[in-house]
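Notes follow the structure.
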Amino acid sequence: MRKMFVVIMLMLFAMGCSEEKAYEKQAWSPPINPGPPRKFDVGDEVLENKLPEDVSDGFLSFGKAPGFSYGVLIAHNTVSPRYHERSDMLVYIHSGITRFHVGDENFWAAGGDVVYVPRGSTYAVTTREKYPLEFVTVYSPPFDPNDIVYPELEKPAPLVK
């Protein structure tokens, strides 16, 4: 049985090696010229809106690139509940430990973690450390300062009698 297995394997190997495999040499193509260099660094465009009260002791800087915007925040306190109607948000925690609240979920996040906040989902951040929370946010489509909605400030619908 063992000899038969070895013979079959050798036959399969020989058949696989005997087939001529067509190797097409790729034609050389010049490198693609992306055009003049463009630089999208944080700080290209600083939004001149006042920071929310709960991050008034933090640094906020935003930059825009085609199709998205990004920002760097350093928050020492909590970030009150809010949501964005038109943008999805991706948060990369650079350093610090925080309690994230996204929609109905509560979880801890620390340096190196990435948190996704879909548009329309209420989120909040609570820091429990003496060190500031440093994080980078990416918004797609680009961040619009008028797109921050604070649920606690929304007025309830009038009662219908």
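Counting along the sequence shown from 1, when you hit position 155 you're at 830 in my numbering, and nothing is skipped either side. Beta carbons: idealized from backbone N, C-alpha and C, even for Gly. Remember, it's a predicted structure, so these values are computed and weren't measured experimentally.
Between P793 and E804, the alpha-carbon positions lie close to 26 Å from each other.
Non-local beta-carbon contacts of H759 in its own chain, meaning distances under 6 Å to residues more than five positions away in sequence, involve R794 and D822 in chain order. For A784, the closest alpha carbon among the candidates E809, S762, T797 and R761 is that of E809. Within the segment 730-810, the complete beta strand (DSSP E) segments of 3 residues or longer fall at 735-740, 743-750, 754-759, 763-770, 772-777, 780-785, 789-792 and 798-802, listed in chain order. By alpha-carbon distance to R761, the top candidate from E827, D819 and H769 is D819.
Beyond the five residues adjoining it in sequence on each side, H776 comes within less than 8 Å, by CB distance, of P756, T797, Y798, A799, V800 and T801 in the same chain, given in chain order. Looking only at G742, V754, A750 and K739, the smallest Cα-Cα distance to V824 is reached by V754. Nearest C-alpha to P826 among P741, G778 and D788: G778. Exposed is the label assigned to P741, since fewer than 16 other Cβ atoms lie within 10 Å of its Cβ. P817 is classed as buried because its beta carbon has at least 16 other beta carbons within 10 Å across all chains shown.
When only Cα atoms are considered, Y745 and V790 end up about 14 Å apart. In its chain, beyond the 5 residues on either side, F775 have a beta carbon closer than 7 Å to the beta carbon of F782.
The C-alpha of D763 lies about 6 Å from the C-alpha of Y814. Under a 10 Å Cβ-count criterion, I683 is classified as exposed, with fewer than 16 other Cβ atoms of the shown protein chains found around its own Cβ. Y825 is bridged by DSSP to nothing; it lacks a bridge partner.
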